[in-house]
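All remarks here apply to the structure that follows.
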Amino acid sequence: MSVIQQKEILEKISKQIENITDNEIKESIYLLFSLIEQQHIIIQNLKEEIQRLRDENNRLKGEQGKPKIKPTKKDISSEKERKQHKKKKRKKKKKNLEIHDTKISEIDKSELPADAQFKGYTPSIVQELEIRVINIEFLKETYYSPSENKTYIAKVPQGFEGGFGPCLKSTVITLKNDCNVSEPKILVFLTNYGADISGGTVSNILIKDKDVFHKEKDELFIAGLSSSIYQQIDDTAARVRGNNYYMQILGNPLYSAYFTVSNKSRLTVLEILQTGQENGGKGLKYSLNEEAIDLLERLRVSKKIRNEINILKSDRNYTREEIEDLLLDHFPLINEITKTRILEAAAIAAYHNEEDYPVIKILLCDDAPQFKLLTEYLSLCWVHDGRHYKKLSPIVPFNIKKLEEFIERYWEYYRRLLEYKANPSEDSAEELSKEFDILFSTITGYKDLDERIEKTKAKKDNLLLVLKYPELPLHNNASELDARVQARKRDVSLHTMTAEGTKANDTFLSIAQTCKKLGIRFYDFIYDRITGSFKIPSLAQLILVKTEE
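The numbering of the sequence shown is this note's numbering, which starts it at 14 and goes up by one.
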């Protein structure tokens, strides 16, 4: 039987099933449909395995295997279903442009008829760009003191140190960190316009002596943490000297902060939240207080261990070295997993009692395990949850129809939540909570879909936190977009080579994306700091001002 004939039979059964009144027969057909779906997956896997073995056999014979052509990735975007598209208003071009020069364009009078009368000028604005190297010779006053046997030489203005001016330096930093241009191409760009500069100098401009910018990043991060009851977080891959690292991205509508770390464990994420840098957990405080004991149960530490730790219960804060010594004295034989869980519980409990650093109340993220338990509330992303439904690939027409119908209802409910955010009320919140229970109690007969619906239902508290805090976004797209900036940079520059370069990369990504959110041109900000003008307030100050608006 051909594939087409199989599809025709399945379509016929799918149409007839709606007319069947006997529930037992319906259930039996649903089970058969599930079996067909499962068998289809097994067959596809076996086909791939057979092809792999054929290719291996051909290679052993000295022949070539089947060319590996990557299939087009399945589109799991929810953009089409989630958004109700509105017509975009066209922006007026060249509105409010500053005019730097005015030139008169004359008409060839010989082309005019005899009765043509002069009626003034018709304006036409043209934007031009001028890029040129300016070599400046500084004649530095020089004095000699015979009594001190010492020569005094005037300094060049701030920003002109090192043989290159602030405009060139700001351009290099902007090209690298805001325009995502690689260092070799930056060198090509500069030399094309006559600059006498080496690749090493370009690298030094990007990473050396950047303390003023590192301080700016540290301050904007603390201000960002204080600016809202919620923070958004996501992570993406990073590379350092050829090794796999991770980049944690934190932010909200006012800022973005990037942190390259060696792993993405719960302790590492917590250390970023509490100190803004990874230090192997040494920057954290640890407390075996009442909350820590409760967390141990949620982290599935055995009752025996919990009872023994209960004896050590106190509100004292330990350093990493102190708590490890304490655990070694009382639990010399515990395995690494249990030890890690105890450290996590103690660090989280201490973080929640932190007074010297902003403590995050709500973390908005995907469902990754390392983000759980860190904050008082965890808000989950509806778009991320919705992707699981788009990943389902049924072949039975009945299942395809049920999936399409449920996805439509899913995003209709999502739009109801958006309406609630615009006009929240207790009655609406209660109604939406009931609607959630009804929607995610749906039984379709398509097994994989029903299992996915059950999983979403289990996350009700996290998905509906917006009913209690309407200011929360329903999705984590902002963090994903921030993560995409790093992903595109990784495509161009692959990896950083030194700790200094990695730190500079994190700092300038943070400043560049925060400038965008605050409506500041990145180049202007960099130039302002390099020249020491400080006419532009610190990003931390601007965040605080926006917070109070």
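From the three backbone atoms N, C-alpha and C, an ideal C-beta is built for every residue, glycine too.
In the structure shown, Ile246 falls within a strand segment according to DSSP collapsed to helix, strand and coil.
From the listed residues Leu181, Arg428 and Thr520, the smallest Cα separation to Trp395 is found for Arg428.
The stretch 516–536 makes no contact with the stretch 202–210, as fewer than three CB pairs between them are under 8 Å. By the Cβ rule, the stretch 528–537 does not count as touching the stretch 275–285, because fewer than three pairs are nearer than 8 Å. Residue environment analysis places Thr520 among the buried positions, since at least 16 neighbouring C-beta atoms fall within 10 angstroms of its C-beta. The beta-carbon separation of Leu377 and Leu485, rounded to 7 Å, stays under the 8 Å limit for a contact.
Under DSSP, no beta-bridge partner is assigned to Arg354. When rounded, the separation of the alpha-carbon atoms in Gly532 and Asn475 is 32 Å. By the neighbour-count criterion, in which 16 or more other beta carbons inside 10 Å mark a residue as buried, Val498 falls on the buried side.
Short of 6 Å from the beta carbon of Lys298, and not among the five residues preceding or following it, lie these beta carbons of its own chain, in chain order: Asn330 and Ala363. Put simply, the stretch 414–421 does not touch the stretch 485–494. Fewer than three CB pairs are less than 8 Å apart. For Tyr156, the pairing in a beta bridge is given by DSSP as Tyr165.
Taking C-alpha positions only, Thr214 is separated from Gly175 by approximately 9 Å. The stretch 504–514 makes contact with the stretch 244–256; the number of CB pairs closer than 8 Å reaches 3 or more.
A residue is called buried once 16 or more other Cβ atoms fall within 10 Å of its Cβ, and Tyr206, having fewer, is exposed.
Rounded to the nearest angstrom, the Cβ distance from Tyr243 to Lys374 is 7 Å, consistent with a contact under 8 Å. In the DSSP annotation of this structure, the continuous segment of the beta strand (DSSP E) that includes Gly264 starts and ends at Asn256 to Asn265. The C-beta distance from Ser492 to Gln287 rounds to 19 Å, too long to meet the 8 Å contact threshold.
Your pair Asp248 and Tyr259 checks out as a contact, with CB atoms roughly 5 Å apart and the cut at 8 Å.
Within the stretch 424–454, the complete alpha helix (DSSP H) segments at least 4 residues long are 439–452, listed from N- to C-terminus. Beta bridge pairing from DSSP links Phe547 with no other residue.
Within its own chain, the residues whose Cβ lies closer than 6 Å to the Cβ of Asp328, once the five positions on either side in sequence are excluded, are Asn302, listed in chain order.
Beta bridge pairing from DSSP links Thr273 with Met260. By the criterion of at least three beta-carbon pairs nearer than 8 Å, the stretch 40–51 is in contact with the stretch 408–415.
Unbroken alpha helix (DSSP H) stretches of 4 residues or longer found wholly inside the stretch 16–71: 16–29, given in chain order.
Ranked by how close their Cα comes to the Cα of Ile144, the residues Glu111, Cys180 and Glu119 have Cys180 in first place.
Separation of Val372 and Gly237 (C-alpha to C-alpha, rounded to the nearest whole angstrom) is 11 Å. DSSP places Leu312 outside both helix and strand once states are collapsed to three, so it counts as coil.
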